[in-house]
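Note sheet for the following structure.
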Amino acid sequence: MKNERKIVIASHGLMAKGMEDTCRMIIGDLPYEIESYSLVPGRHPDEFRSRVEDEIRSNPEKEYVILTDLYGASVCTSMYQLLVYENVVLFSGMNLNLLLILMLEYPERLKKEDIEAIVRGSADGLKQVRLSAEEEEDF
10 MKNERKIVIA SHGLMAKGME DTCRMIIGDL PYEIESYSLV PGRHPDEFRS RVEDEIRSNP
70 EKEYVILTDL YGASVCTSMY QLLVYENVVL FSGMNLNLLL ILMLEYPERL KKEDIEAIVR
130 GSADGLKQVR LSAEEEEDF
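Quick note: the sequence shown uses our numbering, first residue 10, plus one each step.
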């Protein structure tokens with residue numbers, strides 16, 4: 010049976026909304042509910058965290074996977090408080106690979122070994138792209 014999951018993306022600025030939009034463009038119909046939060050000047054991340062926390066309390070059977078941009082920064086620190094709930098998993102240092110992996114590869118509730126594999130898989134997407142000697146000769 011497919012796990013009921015919601016993915017929450019939270020960032021400084023509009024990165025979260027951009028990741029959500031890009032994910033929708035690549036995948037089309039998403040297998041899980043997704044919500045993005047963009048921290049803008051004059052707002053505080055605890056406002057969003059409080060709203061998400063109310064939802065988590067109301068849906069203890071649903072898995073909440075929260076992605077944040079910078080480890081230790083205000084958005085991550087605020088979302089960190091949600092780890093008191095057993096149905097919450099928090100990732101920081103998010104990238105598009107991470108979001109796509111979560112959407113497409115792990116239909117069951119995440120286990121420790123899944124989380125470790127997801128972190129490795131999302132990091133594998135970071136590459137320096139260079140011309141090979143063969144490609145340089147073509148130019």
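Cβ coordinates follow ideal geometry from the N, Cα and C atoms, glycine included.
From the DSSP output, which residues share a beta bridge with residue i?
{"i": "K15", "result": "E42 and Y73"}
{"i": "F100", "result": "L76"}
{"i": "V47", "result": "A small fix is needed here, since residue 47 is Ser in this sequence, not Val. Answer is S20, bridged to S47."}
Grab the span of the alpha helix (DSSP H) containing residue i for me, first residue to last.
{"i": "D55", "result": "P54 to S67"}
{"i": "D123", "result": "K121 to A132"}
{"i": "V84", "result": "S83 to Y89"}
{"i": "L111", "result": "L105 to L113"}
Use the C-beta contact count for residue i: other C-beta atoms within 10 angstroms, 16 or more gives buried, fewer gives exposed.
{"i": "L107", "result": "buried"}
{"i": "L135", "result": "exposed"}
{"i": "A142", "result": "exposed"}
{"i": "E122", "result": "exposed"}
{"i": "E29", "result": "buried"}
Item to check | Cβ pair count under 8 angstroms reaching 3, the region 48-62 against the region 85-101 | outcome: yes
Item to check | Three-pair Cβ contact test at 8 angstroms for the region 121-133 versus the region 94-107 | outcome: yes
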